[in-house]
Amino acid sequence: MREGETQEKIFAGISRPCAKGCTCVTLEESQSGGALWNSGPFEPLIKDGKIYARGSADDKAPIIAMLAAVDAIRAAGLNVVDSDKLIAFRIHGVSPEMVRSLKQAGYEPDADKLIAMRIHGATPEWVADLKKQGYDHVDLDKLIAFRIHGVSSDFIGQLQKLGYSHPEPDQLIAMRIHGVTPDFITGLQSRGMKNLTIEQLVSLRIHGID
Numbered sequence: 023m024r025e026g027e028t029q030e031k032i033f034a035g036i037s038r039p040c041a042k043g044c045t046c047v048t049l050e051e052s053q054s055g056g057a058l059w060n061s062g063p064f065e066p067l068i069k070d071g072k073i074y075a076r077g078s079a080d081d082k083a084p085i086i087a088m089l090a091a092v093d094a095i096r097a098a099g100l101n102v103v104d105s106d107k108l109i110a111f112r113i114h115g116v117s118p119e120m121v122r123s124l125k126q127a128g129y130e131p132d133a134d135k136l137i138a139m140r141i142h143g144a145t146p147e148w149v150a151d152l153k154k155q156g157y158d159h160v161d162l163d164k165l166i167a168f169r170i171h172g173v174s175s176d177f178i179g180q181l182q183k184l185g186y187s188h189p190e191p192d193q194l195i196a197m198r199i200h201g202v203t204p205d206f207i208t209g210l211q212s213r214g215m216k217n218l219t220i221e222q223l224v225s226l227r228i229h230g231i232d
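Numbering-wise (the numbering used here), the sequence shown opens with residue 23 and increments by one.
This is the structure we're talking about:
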């Protein structure tokens, strides 16, 4: 490109409008071709799955990051994504694969929920583990709360062995908040305090009974 000339190249786009106009710009410049090329330096050649052309590798990581973010937005079917959330997608690792896996599991999170799930580690694999324990229609806010408070498939499995087959999501969160652990329940049962409800277990912990 000669000095003073401008040229726009659009590689990807989203048909729905963005809240602030999501325009991603990256470096576009190359040095002269030189004399060591076996093909035209400014005529891209695809060979063995690689592109040979002057400047084809310039600024490649940001370009791929932008394209991946666009792909994630499309996969999520999001109607409005502003530039701040687009950047947050890349910072926190929201990927098209994550969005598609969550859709297959029956979830369609908005941009904020996707970012929160990544921050707190609510991965599709973790969601799948919960589904195996019978928790396949848990509200997204509660899924995130599960991660914040440490509700895991292992914790649920231990409760099942102690006779608590399928606690409600709110009950599981309350148990973790107040320290109702499997060891705590086992200790009570060994002292003859069996068949306590989850509400009773939580109340005992609230009032400092170990």
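Ideal Cβ placement from N, Cα and C applies to all residues, glycine included.
None of the values given here were measured: they were computed from a predicted structure.
* Asked: With distances taken from CA atoms, which of LEU124, LYS125 and ALA133 is nearest ARG112?
  -> Taking the sequence shown and counting its residues from 1, the one referred to as residue 112 is at position 90. Ranking LEU124, LYS125 and ALA133 by Cα distance to ARG112 puts ALA133 first.
* Of the residues GLY71, LYS69, ASP70 and ALA75, which one's Cα is nearest the Cα of PRO63? -> Here residue 63 refers to the residue found at position 41 of the sequence shown. For the residues GLY71, LYS69, ASP70 and ALA75, the minimum Cα distance to PRO63 belongs to ALA75.
* **Identity of the residue in ILE231, GLU190, PRO191 and SER117 nearest ILE207 by Cα** => Walking along the sequence shown from the start, residue 207 turns up at place 185. That would be ILE231, whose Cα lies nearest to the Cα of ILE207.
* To do: Inspect the beta-carbon positions of ALA110 and ILE137 and report whether they are closer than 7 Å.
  => Residue numbering aside, residue 110 sits at position 88 when the sequence shown is read from its first letter. Residue numbering aside, residue 137 sits at position 115 when the sequence shown is read from its first letter. For ALA110 and ILE137, yes; Cβs fall inside 7 Å.
* To do: Under 7 Å Cβ to Cβ from GLN155, same chain only, skipping five residues before and after it: list those, please.
  => Start at 1 with the first residue of the sequence shown, and residue 155 comes out as number 133. For GLN155, where only same-chain residues beyond five positions count, the Cβ hits under 7 Å are SER175, ILE178 and GLY179.
* **Which listed residue (MET215, TYR157, ASN217 and ASP93) has its alpha carbon closest to that of ASP192** => The sequence position of residue 192 within the sequence shown is 170, counting from 1. If we check each option's Cα against that of ASP192, TYR157 comes out closest.
* Quick one: what does DSSP say LYS216 is sitting in, helix, strand or coil? -> Taking the sequence shown and counting its residues from 1, the one referred to as residue 216 is at position 194. Residue state, collapsed to three classes: coil.
* **Paired residues, beta bridge with LEU67 - DSSP** => As a working mapping, residue 67 is identified with position 45 in the sequence shown. Beta-bridge pairing links LEU67 to TYR74.
* Residue from LEU181, ASP205 and ASP70 whose Cα sits closest to the Cα of LEU194 -> Your numbering for residue 194 matches position 172 in the sequence shown. Nearest C-alpha to LEU194: LEU181.
* To do: Give the straight-line distance between the Cα atoms of SER225 and GLY128, rounded to the nearest whole angstrom.
  => Counted from its first residue, the sequence shown places residue 225 at position 203. Counted from its first residue, the sequence shown places residue 128 at position 106. Going from the Cα of SER225 to the Cα of GLY128 covers about 35 Å.
* Measuring CA to CA, which of LEU218, LEU124, SER117 and LYS107 is closest to LEU165? -> Looking up residue 165 in the sequence shown gives position 143. The shortest Cα separation from LEU165 among LEU218, LEU124, SER117 and LYS107 belongs to LEU124.
* How long is the line joining the alpha carbons of ILE68 and ALA144, rounded to whole angstroms? -> The count along the sequence shown starts at 1 and reaches residue 68 at position 46. The count along the sequence shown starts at 1 and reaches residue 144 at position 122. Rounded to the nearest angstrom, the two C-alpha atoms are 40 Å apart.
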